[in-house]
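Chains as they are written, first to last, in the numbering used here: chain A, 3 to 781; chain B, 61 to 222. The beta-carbon is built from N, C-alpha and C at its ideal position, and this holds for glycine as well. Just so we're clear, the structure is a prediction, and the values are computed from it rather than from any experiment. Beneath this line is the structure, given in structure tokens, with notes to follow.
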């Protein structure tokens, strides 16, 4: 890293420099939670029934097993929302008298090794008298359905209602109504590293340190300390290397609470690593949603109104800190997407069932609402006899900033341009000709588009609008230049694959005029970083990046004052570049290390002017910004087998200034790959009794290299003043657009068969079933 | 608990004499008894490939092999790829092509590809996809892994023309 810096006309921002994270990960020297050794191991005994009452727990003689009785002083997890008719539900960290889903932890077995703990766990007999269970979200809404929690009537845990003032009168202006129904089956984010925790009690200072696979170390400290009734200062949370999260690792894991309790009880170290079956069964699920939309259009095929009904199956409990309202309320707020829809009415409910709890997963509701809205656009285009591209063009938001029907501010974007970019790139007329020729030979090709707005980098205002008991949003960064002129950056953000140590260093390098290899980023340790919210919701580059830049600017101002004294020039004439301070336009320079040394060891020279040392802190809490993108897919559907092959996948993405294009493209490709899994493969299935039947990776199918095509990515750069860095988030967009683009392409391919696929994953079975039904209908 | 057996594993040229139960999987022995934690466990049922190591030159799932079955065999893991502080060609290609994000699956991919390139230096694109489809990555979408392996193959062919 010896290239020139900002002052010389070349910036670090915008360059695909290699990641500082990589060498340790490539050589086996990285440390993941499961790599820490412990004196004791835990195995959790889990409920094998979906609903019931615990009658008795038989423990083998001599075994060390803890149950809810032992943990009587531990408070249950009760996430809170103050709006939308939210009904608080309590989740004990170990089931007390009631079990509510298969996989719920009931007892903790402690032994010196994992194998011994597993052997003992096999001998623990939990006697449960079974109650009727409900797993299907529509069934759970019936008056006759069993209640998962007594206080939630018809199992509704949260009910968001929204209607614009003029909705009824606007509805009347429609000349055409288009209805669609979308079903997204349940998914598991399935990071390759399962959940793991390692808690160690320090007998000298009486503190516990828990290392765990989390995206939110500071909030885990708050939550665990609250539940155990201990001061936060007695708990240190470390997120070492974390093997992917995608949202699954941002919520509070009850098992981690038990680990800290056990470490204090046993005054020792204790570790737990879940196996894949536990991960699939008892870690968090998502995307189990059912959406009905009715679009009302005028004669020009422009929206006059949109009616939506969203039901999200949130499982047996509510996740902390977002609560289970995160999916339905995201849908409620953002369903109108990138389109100019002035009249909007929505009912969005979160419904409890006897299934694994739901938590955020990359994109949260947006993959499903984008699928619903984009399928509606395609169907509307057919009814109006319009091209699907044309109907989108007519409806896009064009004037910025735009205030949406639900009050969101959509900042400058390139909605129309991104659609035009991908459609030009794919030469749609040329494709239609190829499609016709292929069709004549019995080959079934289709093209599909998905345009969307991706809300990113939002601070407290967005979360406060949901009425969250815990309102996340800001981020604090401390930037310190040490006496040798090297920089230490500390953040509460917690990357786990996003390369944020590299990109934050790039941002700060440009502000301070030093190379990124002089900047060390520390995160993932509550003892060593300012309190912060962690990494989720496409926020870290925008918010931690913004805070980094603001802190670095304070430091920059201080360095200039010192340099102006040493160089005998006005501070306004000083530039920081290439590791020196320079009087602009001259060859008079002083090295950064001399400035740093002076700040610490000659601070008396600046008494009354600046404080000693070089450490600055800044907090950033933006309202948020919208990235945008258009995805397009060309697929071939084998009508005999129902298999879908993705021939091409094209993306035009606009996230403003891209700090590291290599990393940004990596985020997009990874998101699209998960979207492809969502669209074609991944499905968590329960039987009627609430047993999970997809408990291995041979049943819950993740995409392999074979299913993921190469992707063609274009970047558009719209500058928005919504963020300090003029960058927008893009971590979730890949996953948001891909299912809609693929389903749109599948439906285009199957158009000649009069078949509609509005359910994901669009498995070969579903496609074949739809084709068989269509054939029967025609016969 | 069943009786323990003496097993000798040679990992990256170093001999480890360990006592394990017959049911002990090779990956557990590598990580726990031998302390080589660079090899990761992702599913323990042979699907994800995070635990891939080379046993006598062949990529295997170390979660599907018992330690006793590897007695006396030559095992190579991710820790053996770099020399001192220098990444090898494949590791460098992964870094240059951004073939990793969280890095949890990476050791398994590196060992899978190492075994493949040693055994089948001449391969087609279809062979490459077939091979890489053995392992799962949840972050990258695979295409950058494909690019890295192609880059290494090109470099190998330049240095050792057929």
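Over the uninterrupted beta strand (DSSP E) stretch that includes residue 162 of chain A, give me the two end residues. In the first chain, counting from the first residue as 1, residue 162 of chain A sits at position 160. Unbroken beta strand (DSSP E) run through residue 162 of chain A: 158-165.
Quick check on the DSSP output: the alpha helix (DSSP H) that includes residue 218 of chain B runs from which residue to which? The residue given as residue 218 of chain B occupies position 158 in the second chain. That run of the alpha helix (DSSP H) goes 203-219.
Run through the segment 126-200 of chain A for me and flag every whole alpha helix (DSSP H) of 4 or more residues, listed as ranges in chain order. 139-142 and 169-174
Does any C-beta atom of chain B lie closer than 7 Å to the C-beta of residue 62 of chain A? Taking the first residue of the first chain as 1, we reach residue 62 of chain A at position 60. With 7 Å as the cut-off, residue 62 of chain A does not count as an interface residue toward chain B.
Taking Cβ positions only, does residue 126 of chain B come closer than 7 Å to chain A? Taking the first residue of the second chain as 1, we reach residue 126 of chain B at position 66. No, residue 126 of chain B lies away from the interface with chain A (no Cβ there is under 7 Å from its Cβ).
Curious, which full-length beta strand (DSSP E) runs of at least 3 residues does the segment 208-254 of chain A contain? With a minimum length of 3 residues, the continuous beta strand (DSSP E) runs that stay inside the segment 208-254 of chain A are 209-214 and 237-240.
Under 8 Å, with one C-beta from each stretch per pair, do the segment 596-606 of chain A and the segment 551-565 of chain A reach the 3-pair mark? yes
Close beta carbons around residue 97 of chain A, own chain, < 6 Å, minus the five adjacent residues each side: In the first chain, counting from the first residue as 1, residue 97 of chain A sits at position 95. Within the same chain, 106 and 108 come within 6 Å of residue 97 of chain A by CB-CB distance, once the 5 residues on both sides are set aside.
Determine, using beta carbons only, whether residue 169 of chain B comes closer than 7 Å to chain A. Walking along the second chain from the start, residue 169 of chain B turns up at place 109. It does not: the Cβ of residue 169 of chain B has no partner Cβ on chain A nearer than 7 Å.
Should residue 35 of chain A be flagged as near chain B, meaning a C-beta pair shorter than 7 Å? As a first step, residue 35 of chain A is located in the first chain; it is residue number 33 there, counting from the start. No, its Cβ sits nowhere closer than 7 Å to a Cβ of chain B.
Can you give me the start and stop residues for the alpha helix (DSSP H) that residue 24 of chain A sits inside? Stepping through the first chain from its first residue, residue 24 of chain A is reached at position 22. Residues 24-29.
Tell me which same chain residues have a C-beta within less than 7 Å of the C-beta of residue 592 of chain A, skipping the five on either side of it? The count along the first chain starts at 1 and reaches residue 592 of chain A at position 590. 565, 568, 569, 582 and 583, listed in sequence order.
Mind listing the chain B neighbours of residue 823 of chain A? Cutoff is C-beta to C-beta under 8 Å, in chain order. Not covered by the structure: residue 823 of chain A. The range shown for chain A is 3 to 781.
Please list, in chain order, all residues of the same chain as residue 332 of chain A whose beta carbon is under 6 Å from its beta carbon, the five residues on each side excluded. Taking the first residue of the first chain as 1, we reach residue 332 of chain A at position 330. Within the same chain, residue 332 of chain A has close Cβ partners 366 and 367.
Using Cβ-Cβ distances below 9 Å, what residues of the segment 711-724 of chain A are close to chain B? The residues in question are 711, 712 and 713.
Please state if the CB of residue 644 of chain A and the CB of residue 503 of chain A are separated by a distance shorter than 7 Å. On the first chain, position 501 is the one that residue 503 of chain A refers to. On the first chain, position 642 is the one that residue 644 of chain A refers to. Their beta carbons are not under 7 Å apart, which means residue 503 of chain A does not touch residue 644 of chain A by this criterion.
Show which residues of chain B have a CB atom less than 9 Å away from the CB atom of residue 365 of chain A. Along the first chain, read from residue 1 onward, the residue named residue 365 of chain A stands at position 363. The premise fails here: residue 365 of chain A is roughly 15 Å from chain B at the closest Cβ pair, so nothing lies under 9 Å.
Euclidean distance between Cα positions of residue 141 of chain A and residue 311 of chain A: Taking the first chain and counting its residues from 1, one reaches residue 141 of chain A at position 139. Taking the first chain and counting its residues from 1, one reaches residue 311 of chain A at position 309. Distance between the alpha carbons of residue 141 of chain A and residue 311 of chain A is about 16 Å.
Beta-carbon of residue 694 of chain A versus every beta-carbon of chain B: anything under 7 Å? On the first chain, residue 694 of chain A is found 692 positions in, with the first residue counted as 1. Output row for residue 694 of chain A: interface = no.
With 16 other Cβ atoms within 10 Å as the buried cut-off, status of residue 143 of chain B: Mapped onto the second chain, residue 143 of chain B falls at position 83. So residue 143 of chain B ends up on the exposed side.
Run down chain A in chain order and give the residues with a C-beta less than 8 Å from the C-beta of residue 155 of chain B. In the second chain, counting from the first residue as 1, residue 155 of chain B sits at position 95. Those are 20, 21, 24, 25 and 28, listed as they occur along chain A.
For residue 10 of chain A, which of helix, strand or coil comes out of DSSP? Locating residue 10 of chain A in the first chain gives position 8, counting from the first residue. With a pLDDT of only 49 at residue 10 of chain A, under the threshold of 50, the placement of this residue in the model should not be trusted, and no figure is reported.
Hey, is residue 340 of chain A's beta-carbon within less than 7 Å of any beta-carbon in chain B? Along the first chain, read from residue 1 onward, the residue named residue 340 of chain A stands at position 338. Not closer than 7 Å to any Cβ of chain B, the Cβ of residue 340 of chain A fails to qualify, so no.
Run the CB neighbour count on residue 589 of chain A, radius 10 Å, all protein chains shown included, and call it buried at 16 or more, exposed below. By one-based count along the first chain, residue 589 of chain A stands at place 587. That one is exposed.
Rounded to the nearest angstrom, what separates residue 212 of chain B and residue 153 of chain B at their Cα positions? As a working note, residue 212 of chain B is residue 152 in the second chain. As a working note, residue 153 of chain B is residue 93 in the second chain. If you draw a straight line from the Cα of residue 212 of chain B to the Cα of residue 153 of chain B, it comes to about 7 Å.
What does the alpha-carbon distance come out to for the pair residue 775 of chain A and residue 738 of chain A? Indexing the first chain from 1 puts residue 775 of chain A at position 773. Indexing the first chain from 1 puts residue 738 of chain A at position 736. About 30 Å.
Along the segment 231-249 of chain A, what residues have a CB closer than 9 Å to any CB found in chain B? 243, 244, 245, 246, 247 and 248
Amino acids of chain A, ordered along the chain, whose beta-carbon sits closer than 8 Å to that of residue 101 of chain B: Here residue 101 of chain B refers to the residue found at position 41 when the second chain is read from its first residue. Result: 36 and 275.
Please classify residue 363 of chain A: does DSSP put it in a helix, a strand, or coil? In the first chain, residue 363 of chain A corresponds to position 361, counting from 1. In the three-state reduction of the DSSP assignment, residue 363 of chain A falls in the coil class.
Would you check if there are 3 or more beta carbon pairs closer than 8 Å linking the segment 67-85 of chain A to the segment 141-153 of chain A? By the Cβ test, the segment 67-85 of chain A is not in contact with the segment 141-153 of chain A, since fewer than three Cβ pairs between them sit closer than 8 Å.
At what residues does the alpha helix (DSSP H) containing residue 504 of chain A begin and finish? For the purposes of this step, residue 504 of chain A is taken as the residue at position 502 of the first chain. Segment 502-514, the alpha helix (DSSP H) holding residue 504 of chain A.
Could you check how far apart the C-beta atoms of residue 789 of chain A and residue 193 of chain A are, in whole angstroms? I think they sit under 8 Å. Here chain A covers residues 3 to 781 and nothing more, so residue 789 of chain A does not appear.
What residue range does the beta strand (DSSP E) around residue 483 of chain A cover? On the first chain, position 481 is the one that residue 483 of chain A refers to. Taken as a continuous stretch (DSSP letters only), the beta strand (DSSP E) holding residue 483 of chain A covers 477-483.
For residue 56 of chain A, which of A:300, A:516, A:276 and A:130 has the nearest alpha-carbon? Mapped onto the first chain, residue 56 of chain A falls at position 54. Residue 56 of chain A has its Cα closest to that of A:130, out of A:300, A:516, A:276 and A:130.
Are the beta-carbon atoms belonging to residue 747 of chain A and residue 450 of chain A less than 7 Å from one another? Against the first chain, residue 747 of chain A aligns to sequence position 745. Against the first chain, residue 450 of chain A aligns to sequence position 448. In this structure, residue 747 of chain A sits near residue 450 of chain A, with a CB-CB distance shorter than 7 Å.
Report the partner residues of residue 454 of chain A according to the DSSP bridge assignment. Sequence index remark: in the first chain, residue 454 of chain A carries index 452 (1-based). Note: residue 454 of chain A sits in a beta bridge opposite A:631.
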